[in-house]
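There are 4 protein chains.
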Amino acid sequence: MEITNVTEYDAIAKQKLPKMVYDYYASGAEDQWTLQENRNAFARILFRPRILIDVSKIDMTTTVLGFKISMPIMVAPTAMQKMAHPDGEYATARAASAAGTIMTLSSWATSSVEEVASTGPGIRFFQLYVYKNRNVVEQLVRRAERAGFKAIALTVDTPRLGRRESDIKNRFTLPPNLTLKNFEGLDLGKMDEANDSGLASYVAGQIDRTLSWKDVQWLQTITKLPILVKGVLTGEDARIAIQAGAAGIIVSNHGARQLDYVPATISALEEVVKATQGRIPVFLDGGVRRGTDVFKALALGASGIFIGRPVVFSLAAEGEAGVRKVLQMLRDEFELTMALSGCRSLKEISRNHITTEWDTPRPSARL
Amino acid sequence: MEITNVTEYDAIAKQKLPKMVYDYYASGAEDQWTLQENRNAFARILFRPRILIDVSKIDMTTTVLGFKISMPIMVAPTAMQKMAHPDGEYATARAASAAGTIMTLSSWATSSVEEVASTGPGIRFFQLYVYKNRNVVEQLVRRAERAGFKAIALTVDTPRLGRRESDIKNRFTLPPNLTLKNFEGLDLGKMDEANDSGLASYVAGQIDRTLSWKDVQWLQTITKLPILVKGVLTGEDARIAIQAGAAGIIVSNHGARQLDYVPATISALEEVVKATQGRIPVFLDGGVRRGTDVFKALALGASGIFIGRPVVFSLAAEGEAGVRKVLQMLRDEFELTMALSGCRSLKEISRNHITTEWDTPRPSARL
Amino acid sequence: MEITNVTEYDAIAKQKLPKMVYDYYASGAEDQWTLQENRNAFARILFRPRILIDVSKIDMTTTVLGFKISMPIMVAPTAMQKMAHPDGEYATARAASAAGTIMTLSSWATSSVEEVASTGPGIRFFQLYVYKNRNVVEQLVRRAERAGFKAIALTVDTPRLGRRESDIKNRFTLPPNLTLKNFEGLDLGKMDEANDSGLASYVAGQIDRTLSWKDVQWLQTITKLPILVKGVLTGEDARIAIQAGAAGIIVSNHGARQLDYVPATISALEEVVKATQGRIPVFLDGGVRRGTDVFKALALGASGIFIGRPVVFSLAAEGEAGVRKVLQMLRDEFELTMALSGCRSLKEISRNHITTEWDTPRPSARL
Amino acid sequence: MEITNVTEYDAIAKQKLPKMVYDYYASGAEDQWTLQENRNAFARILFRPRILIDVSKIDMTTTVLGFKISMPIMVAPTAMQKMAHPDGEYATARAASAAGTIMTLSSWATSSVEEVASTGPGIRFFQLYVYKNRNVVEQLVRRAERAGFKAIALTVDTPRLGRRESDIKNRFTLPPNLTLKNFEGLDLGKMDEANDSGLASYVAGQIDRTLSWKDVQWLQTITKLPILVKGVLTGEDARIAIQAGAAGIIVSNHGARQLDYVPATISALEEVVKATQGRIPVFLDGGVRRGTDVFKALALGASGIFIGRPVVFSLAAEGEAGVRKVLQMLRDEFELTMALSGCRSLKEISRNHITTEWDTPRPSARL
Ligand SMILES: Cc1cc2nc3c(=O)[nH]c(=O)nc-3n(C[C@H](O)[C@H](O)[C@H](O)COP(=O)(O)O)c2cc1C
Ligand SMILES: Cc1cc2nc3c(=O)[nH]c(=O)nc-3n(C[C@H](O)[C@H](O)[C@H](O)COP(=O)(O)O)c2cc1C
Ligand SMILES: Cc1cc2nc3c(=O)[nH]c(=O)nc-3n(C[C@H](O)[C@H](O)[C@H](O)COP(=O)(O)O)c2cc1C
Ligand SMILES: Cc1cc2nc3c(=O)[nH]c(=O)nc-3n(C[C@H](O)[C@H](O)[C@H](O)COP(=O)(O)O)c2cc1C
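Residue numbers (the UniProt record's numbering), protein chains in the order written: chain A, 1 to 367; chain B, 1 to 367; chain C, 1 to 367; chain D, 1 to 367.
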């Protein structure tokens, strides 16, 4: 049966993957309320489409941190992709390049920065977890820079790992045939089995809970790469991020895998956008599964979005071809949404093209 | 088992029709959120019925673009009705005439304007899709005019076809024994099979994506028929429509088949009505299945409504008799609603006869 | 299994009764939205209970139109009770008397006013449907007066019968062994079978659709009994009712059997109460199934409530004993609600003891 | 299968316990609307987590009525714990002590105050039901005081027992092998079987319905122990409680077992907190099942929370070990919530760390 939308890959991945792996990819924290809400909140934002505009030419290109890409749809960092498919991050990197967009590589990739770079040209960002051992961090950032990565996405919502209950029940750990390749030879590449989630223990042991805004400044002393702060959910922190020298913000709740009952990212986005007052770009990830979702994020002020699970699920189903198909479907849907809304370029997408529950008075009443 | 309401024809049609055909008729775009919402939104509008008014005589007649009809319930254009029943548009035309109301014929009918005209007297509108080839458009409009059609309903929400996923999965195409009769002999009457929806490919190939407001003016140079702009969802576009010379507006989301996550039409109606300030009539289609829905639309300012799927489903179930029954049931229910609300003519139906979630302060509080 | 609440009689009645009869009792109009809403709306009204008040003595007595009753819970008129149980209205009358409360007898009872009067003492109201033949009406009112009935509940929401679809499908009609006893010998006591609901045809044939406010005045010329207008849902009509000489108002939507998508009665109550400004008492029926519901209606300004279906369902299940049990359970629950809210008499039940969604600012915010 | 959250003990208890016992523990009053709402309302409160704060050290300790405890999570009084497990209140007392927190012993415990005291050191409160026989009350309070209990939690929401329908159907009564140990030898230690709930009859017979604010003052004449008023749901009563000399307030709806359709405690909390203006501490119980719930209560102004059913369910499943595990899981989850919200001590938890539906303008709009 033909795949007609991104979500269908979820069920296929569930069939193909070992339960431990599928659960790790799919799960959210605790009650998984925010996991559902990341999707539900999109459905509460409605369009106000404009008609009778010549939409024979639709331009979806945009520029992110100075890099031109084919569409505002990018790949979020997701760990350990070789559990999904032997080609793992290689496949993702190639699919993103082919689609003319940016891939973000996870610190916890099962392929190293150098390996991913070796797949060919492409604009890539590196997602950074800050380890207690700062030498490790410094070397890793340098390697990413040397390997041609263009930005650091600093993940700030993970001083400890969220409770993902199926990982605890499954005693999740990285399968022994795989390695966190960026840390190979550093004693940090393997994950021990634990009494609960092996990853939670790994994080408790290695990741630096003292991480704070001053480390954002320290990071700027060891690299010239622009820093995206990944995991902002409030206007207050958006303002601090600007002061701390961030080049951009990613509104993210880590795919609802950290703190349950945080708002959907699409609900938190506008607060963050308003706080930045246009000084730095704001991106979003979390629950994007449709071209309509991309449009809504842009209408609320995002400069682009990232997708997480759709990549690992399609990778599991069909490897690189799956990831390509996911990017293509989102691209097609987004283009169609633009056409049917009367927008010919990203610049034309405005706040007036949507209406949200928190609009008062509603645009429809502004007559 | 006796049919007691319009919705029951849906299940019967589902049983009778080939899956490809039923799915084409029934589907909405993508997640089908707006498809559900077109119904749900009606249920959030409540009545404020007035009592102890002599309702022994109820007058449902009205005048649309100068033509007197028996009730404010009309037939929307739906394509390819011969897939539902061999009598197709003939049956629909006869049922509408018998009910004393207007039928709108689709550009993509499986019967031509001339054939439909030949079924006998009746007030009919012609729905127009603008093709890239403007000669085709010109000839078609002239033929409709000559065949006695009284207005053009210009569909403006379809520069590209919405993603109806079952049509893609089913590889929907017009069955080979049928023709888009208005284009017979023009090489445009047949629909090729495609890798996805055959209709989507047909639209991509033939329909003019450059269509814009200036074409509304062009259209007025080739016909004297009044033009209804079908597919308006915002006050902004309602105002432009008036300036562009439209004779009326149809608030429509194409039966939720184009852009998913647009509001229900009944939710968008009042914004459009207010913007027109009474200069041109506003009609509505989308999700009308009950006489109570008709009343709600009128209370919110509509001059009448159109029904789409109820026609094709009843046609599939019982041919002309089915369509007659649908129109009769809606008529009966609407008359009953008027009586139980204390309204004796359409003029008496007022905004105070309903209450909506967006009323603040609620009428009930206005004491 | 022991009956512990009023609602449980519904399932028992469903088992015991012929489908045609159960459906007639249970149904609401069309989509039955208001039928659900009559219940759901109660659940959206919450308590603000007061504590540490001596509640060793709870007084539930009240006075209705000058008649003292044991509690503000009364019996609504429901037609044709002998379909439920051979004792029919006799059983209901006895149960209401035993409970020290008022029974309202339907015009369409299967026992006459005289028969019901013969069951013994008791305060009773007579529900009136106005027939085209006004002689019939005049005689009937006089007979009720003579039989000791204390008030007329004039039903104003039924110029035509609502569409109850199962009655249409079931071709509902009064079983041949029963008669509308108040009309025996008048040619109006039997109900013909019809192509749809026999009752709907009966109403169409006999009930006066011209009924209007001036008939309320006419009624006062033929009887001294106080008149309750049954079926008011707006403040506007409440004000007119006072001017027309009504002795009281019953906020009712006829158990959701007439116009679907009217508000729940508990949602419409406060508007009506405010409009009357205390000049005449306001009662409510519709969906009352718990003592908490009774309390909520009183807190919103009702002087008492009536129950409909609980009576016919319990009658079907256990005859007079069932109706007694229903009245007893509601009484017990209501008394408990008063105690747990800190109210010792009906006068102490105040608007501050509840909070509704439409309170702004919410009482909880009034600090 | 490993237990990963508090709620899982419910299903295990349901399997292990006789139906009569499980139902008694699990049930709420009447429709159990408030029972669901006690949980649902938490899900409508969302976090506004702050990032990049050094959360390597999290301090959860707090002081309640002058007593230092390890976390703001305490044990609510629940009656008759030996029905759950032979160790009953002994196990609970030991588990609470081991966790460094407070246990509240029910008046209706199946272990006496002296027996619980004998389990070893620990800070304990005594929950008081006021009997008609005030000598009994006086003696009981003295015994609790002597046994080292540190406060009286005076339950004020139970002048009569709420209708818990399964207890009525099950003819619930204390199993004959057990005694209400605090009343042993007083003729009040046994519960008769009754025609409905044995406990409801017991309450009707023994508990003083005249209890009022002046008894709070009387209580202060017979004991020096601080008095917590348990069962406040309005700001009005919070203010009176302060005047009456209460040392603190517990916002409680008795686990939704008394008056159905009262608000969830988490919805009523802020009104009470505001009314107290910080003069006495406010606690909450009802529906707390997650560390995130604890955080939300504290953000709304609670000084700590109590848990009821999680204790009896885990006791049923695993005795003392179960209760320990429940306290440990809540502790872990709460610590994680603090870390992921950027709060290092209870003092840092602020109103700005959450957003509620009743915030207007929403914090997110305060820019
Ligand atoms: C399986 C999986 C692994 C992830 N690994 C990382 C990671 O290593 N680093 C990181 O910053 N975010 C990680 N995330 C979060 C994603 O970057 C992103 O925030 C999230 O997946 C977006 O939500 P979506 O999955 O709904 O698209 C991961 C998410 C998933 C689902
Ligand atoms: C099967 C089907 C075919 C349709 N074909 C056309 C069409 O050819 N032209 C057009 O303007 N609208 C078309 N529509 C949209 C209808 O005119 C109308 O907007 C819609 O059906 C109203 O919603 P309803 O089906 O809920 O009543 C079609 C709708 C359906 C369901
Ligand atoms: C089976 C049935 C018969 C009824 N018959 C009458 C009637 O004869 N006259 C009338 O005024 N109302 C009639 N009603 C409406 C009731 O008086 C009352 O308004 C309604 O039942 C209250 O709602 P409830 O059933 O939810 O309690 C009837 C209702 C039912 C359910
Ligand atoms: C089985 C059970 C027994 C209870 N017994 C008492 C009691 O004896 N005294 C009292 O004040 N509250 C009693 N409560 C209420 C609790 O103290 C507390 O208010 C409630 O359980 C908190 O809600 P939760 O169960 O959702 O945590 C009882 C609750 C339950 C569930």
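Glycine is no exception: its CB is placed at the ideal position from the N, C-alpha and C atoms.
Within chain C, partners of residue i - CB distance below 7 Å
{"i": "D/Trp218", "result": "Ordered by position in chain C, no residue passes the 7 Å Cβ test against D/Trp218, which lies about 12 Å from the chain."}
Spatial distance of residue i from residue j (CA atoms)
{"i": "A/Leu144", "j": "A/Glu114", "result": "The residue asked about is misnamed: residue 144 of chain A is Ala in this sequence, not Leu. The alpha-carbon atoms of A/Ala144 and A/Glu114 are separated by roughly 8 Å."}
{"i": "A/Asp187", "j": "A/Lys181", "result": "11 Å"}
{"i": "B/Val137", "j": "B/Val216", "result": "13 Å"}
{"i": "A/Thr355", "j": "A/Gly28", "result": "28 Å"}
{"i": "B/Thr265", "j": "C/Gly322", "result": "48 Å"}
{"i": "C/Met80", "j": "C/Thr110", "result": "5 Å"}
{"i": "C/Val116", "j": "C/Ile69", "result": "19 Å"}
{"i": "C/Arg94", "j": "C/Gly148", "result": "15 Å"}
{"i": "C/Ser364", "j": "C/Leu46", "result": "Residue confidence is low: C/Ser364 scores 46 on pLDDT, short of 50, so the model does not pin down where it sits. No coordinate-derived value is stated."}
{"i": "B/Gln139", "j": "C/Ala200", "result": "52 Å"}
{"i": "D/Glu236", "j": "C/Trp358", "result": "21 Å"}
{"i": "D/Glu184", "j": "D/Leu178", "result": "10 Å"}
{"i": "A/Thr276", "j": "A/Ala238", "result": "6 Å"}
{"i": "D/Gly301", "j": "D/Leu269", "result": "8 Å"}
Chain-ordered chain C contacts of residue i [CB-CB under 9 Å]
{"i": "D/Lys19", "result": "Neighbours of D/Lys19 on chain C: none; closest Cβ ~13 Å, over 9 Å."}
Residue i: first and last residue of the uninterrupted beta strand (DSSP E) it sits in
{"i": "A/Thr104", "result": "103-105"}
{"i": "B/Phe313", "result": "That residue, B/Phe313, is in no beta strand (DSSP E); its alpha helix (DSSP H) goes 309-341."}
{"i": "D/Ile58", "result": "Note, D/Ile58: premise wrong, no beta strand (DSSP E); not H, not E."}
{"i": "residue 407 of chain B", "result": "Here chain B has residues from 1 to 367 only, and residue 407 of chain B is not among them."}
{"i": "C/Lys68", "result": "67-69"}
Distance between beta carbons of residue j and residue i, contact taken as under 8 Å
{"i": "A/Ala339", "j": "B/Arg160", "result": "5 Å"}
{"i": "A/Ile53", "j": "A/Gly291", "result": "In fact, because the Cβ distance is near 18 Å, the residues do not count as touching under 8 Å."}
{"i": "C/Tyr129", "j": "C/Ser107", "result": "4 Å"}
Contact set between residue i and chain D, taken where Cβ atoms lie within less than 7 Å
{"i": "A/Thr210", "result": "Asp54, Ser56"}
Partners in chain A for residue i, counting only beta-carbon separations shorter than 8 Å
{"i": "D/Arg50", "result": "Thr234, Glu236, Asp237"}
{"i": "residue 418 of chain D", "result": "Lying before the first or after the last residue shown, residue 418 of chain D is absent from chain D, which here runs from 1 to 367."}
Host alpha helix (DSSP H) of residue i (start-end)
{"i": "C/Lys14", "result": "8-16"}
{"i": "A/Gly205", "result": "198-206"}
{"i": "C/Thr265", "result": "265-276"}
{"i": "D/Ile242", "result": "235-243"}
{"i": "B/Thr92", "result": "88-98"}
{"i": "C/Arg124", "result": "Segment 124-128 is the beta strand (DSSP E) holding C/Arg124; no alpha helix (DSSP H) there."}
{"i": "B/Ile221", "result": "For the sequence presented, residue 221 of chain B should be read as Thr rather than Ile. 213-222 is the extent of the alpha helix (DSSP H) around B/Thr221."}
Closer than 8 Å at the beta carbon, the chain B residues around residue i
{"i": "A/Ser341", "result": "Leu259"}
Proximal chain D residues relative to residue i, where beta-carbon distance stays under 8 Å
{"i": "C/Leu46", "result": "Tyr261, Val262, Pro263"}
{"i": "A/Val156", "result": "Ile51, Leu52"}
Partner residues on chain B for residue i, Cβ-Cβ distance less than 7 Å
{"i": "C/Trp33", "result": "Ala43"}
Taking any heavy atom of ligand 1 as the mark, which residues have a C-beta closer than 5 Å to it, listed down the chain?
A/Tyr25, A/Ala76, A/Pro77, A/Thr78, A/Ala79, A/Ser106, A/Trp108, A/Gln127, A/Thr155, A/Ser252, A/His254, A/Gly255, A/Asp285, A/Gly286, A/Gly287, A/Ile307, A/Gly308, A/Arg309
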